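Engineer:
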Amino acid sequence: MSSKTDKPKTPGRKDLPKPDEFPAYPASWYWLGTRKEFSAKPKSLRLFGRDLVAYRDEQNSVVVMDARCSHMGADLSQGTVKGGRLKCPFHGWEYGSDGHCVSIPHKTDIPKFARQRTYAVEERNGCVYIFNGAKPLFPMPFFYDQDPGEFVTGRPFSLNAKSTWYMISAHAFDVQHFETVHDRKLLAPPVIDCPTPFARRCTHHSEVAGDTIFDRLLRVFASPTVTVQLTIWGNNFCMVEGKFRRVTSRFFLLMSPLDDGTTQVHGTVFKRRSKVPVLGPLIDKIGLEVRRWFTAGYLNDENVKLGSPEYRPATMIEQDKEVVAYFHWALTLSRHAKAL
Ligand code: FES
Ligand SMILES: [Fe+2]
-1 MSSKTDKPKT PGRKDLPKPD EFPAYPASWY WLGTRKEFSA KPKSLRLFGR DLVAYRDEQN
59 SVVVMDARCS HMGADLSQGT VKGGRLKCPF HGWEYGSDGH CVSIPHKTDI PKFARQRTYA
119 VEERNGCVYI FNGAKPLFPM PFFYDQDPGE FVTGRPFSLN AKSTWYMISA HAFDVQHFET
179 VHDRKLLAPP VIDCPTPFAR RCTHHSEVAG DTIFDRLLRV FASPTVTVQL TIWGNNFCMV
239 EGKFRRVTSR FFLLMSPLDD GTTQVHGTVF KRRSKVPVLG PLIDKIGLEV RRWFTAGYLN
299 DENVKLGSPE YRPATMIEQD KEVVAYFHWA LTLSRHAKAL
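Note that the working numbering numbers the sequence shown so that position 186 is 184, with each residue one more than the last.
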């Protein structure tokens, strides 16, 4: 991951984007599921406001394409996979992993329209991610200067937030709420930068000041202060690193906007794989469960507490300036992505 930083432009509160200027589904990586959920049996999915189908091809790679057949729109998730080809249940058209139709019964020439929209997929650490396009605009991110192969992941968790993706991503830059919601007493002003054109990051150093069970345990077992780095990739993907003196907390939060206007937030915690002989896997399992309990518990509490915050450009005040700057950046990134 590049460590080169570009200072973001000075934000302004005027001319904030109108809600309909934000894309419904930012050009980015999304959560698809765990590795075990995918096999040669087609699986029906709903993502990006579309019906999709996912299956494993002959190379054991997960393939995702639009589920409505290019012929008459039958549901390909009800089809079958043979020799790596997905066969439509209606008239038997067969599609290859690249979405192109490769066979139509009793016909030799294939019409140009006979193809399905496909999506880039990446499998990592037992999890499967999807980009909402055939070619990713940026590689699937990972924690700065870390090798994914050295990490293990916990059981995924998810929560439903009654808010839009941009209101949720804006949390990363909502300096006020670090204190009011997360009980963090900032020891220095946060530093905001863009490590790449597709990522905006907020780093802050703070005291763990809350009275909750989570904070009490953190102060005793981790440390009384923490440096947190929140990076928003592609607008819907939040990568979090919390460095305590004795432990580092790392997790991903990937937002999937749903058809009903809410957002499903999928979380996964990470832990560096233990090198202790024999007991290593057990240490990892316990370590991941503890991290998951902290992280999911913390985020669930916040989600319940906040209800359904709305995007209201007219009510932004001086203290919201970093949130305002994020909204400007989010729109700029969306336009940039569209132009690529
Ligand atoms: S609808 Fe799929 S082959 Fe006809
Ligand atoms: Fe938050």
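The beta-carbon is built from N, C-alpha and C at its ideal position, and this holds for glycine as well. From a predicted model like this one, the values you see are computed outputs, not experimental measurements.
Taking 5 Å as the limit, name every residue whose beta carbon sits nearer than that to some heavy atom of ligand 1, in sequence order.
Structural biologist: Counting every residue whose Cβ lies closer than 5 Å to a heavy atom of ligand 1, we get 67, 69, 70, 72, 86, 88, 89, 91.
Engineer: What I want to know is whether the C-beta of residue 179 ends up closer than 7 Å to one or more non-hydrogen atoms of ligand 2.
Structural biologist: The answer is yes for residue 179.
Engineer: For residue 248, which option in 58, 254, 238 has the closest C-alpha, if you only look at C-alpha atoms?
Structural biologist: Selected option, being the one with the closest Cα: 238.
Engineer: Around the Cβ of residue 111, are there at least 16 other Cβ atoms within 10 angstroms (buried) or fewer (exposed)?
Structural biologist: Looking at its Cβ environment, which holds fewer than 16 other Cβ atoms inside 10 Å, residue 111 is exposed.
Engineer: Could you name the residues of the same chain whose beta carbon sits closer than 6 Å to that of residue 37, not counting the 5 residues immediately before and after it, in chain order?
Structural biologist: 54.
Engineer: Cα separation between residue 214 and residue 208?
Structural biologist: The straight-line gap from Cα to Cα measures roughly 7 Å.
Engineer: Taking only the alpha-carbon atoms, compute the straight-line gap between residue 264 and residue 104 and give it to the nearest angstrom.
Structural biologist: Cα to Cα, residue 264 sits roughly 45 Å from residue 104.
Engineer: Is any beta-carbon of chain C found at less than 8 Å from that of residue 211?
Structural biologist: Absence of chain C from the displayed structure is noted, only one protein chain being present.
Engineer: Shortest alpha-carbon distance to residue 155 belongs to which of 286, 329, 198, 337?
Structural biologist: Taking only the C-alpha atoms, the option nearest residue 155 is 286.
Engineer: Can you determine whether any heavy atom of ligand 2 sits closer than 7 Å to the C-beta of residue 169, and answer yes or no?
Structural biologist: Because some heavy atom of ligand 2 lies under 7 Å away, the Cβ of residue 169 counts as near it: yes.
Engineer: For residue 279 and residue 144, I'd like the C-alpha separation in whole angstroms.
Structural biologist: Their Cα atoms are separated by approximately 20 Å.
Engineer: Bridge partners of residue 342, per DSSP?
Structural biologist: The shown model of the chain, from -1 to 338, leaves out residue 342, and the question about it has no answer.
Engineer: Tell me the start and end of each unbroken beta strand (DSSP E) in the stretch 215 to 251 that is at least 3 residues and wholly inside, in chain order.
Structural biologist: List check, beta strand (DSSP E) in window: 223 to 231, 235 to 241.
Engineer: Using the Cα positions of residue 273 and residue 90, report the straight-line distance between them to the nearest angstrom.
Structural biologist: Distance between the alpha carbons of residue 273 and residue 90 is about 51 Å.
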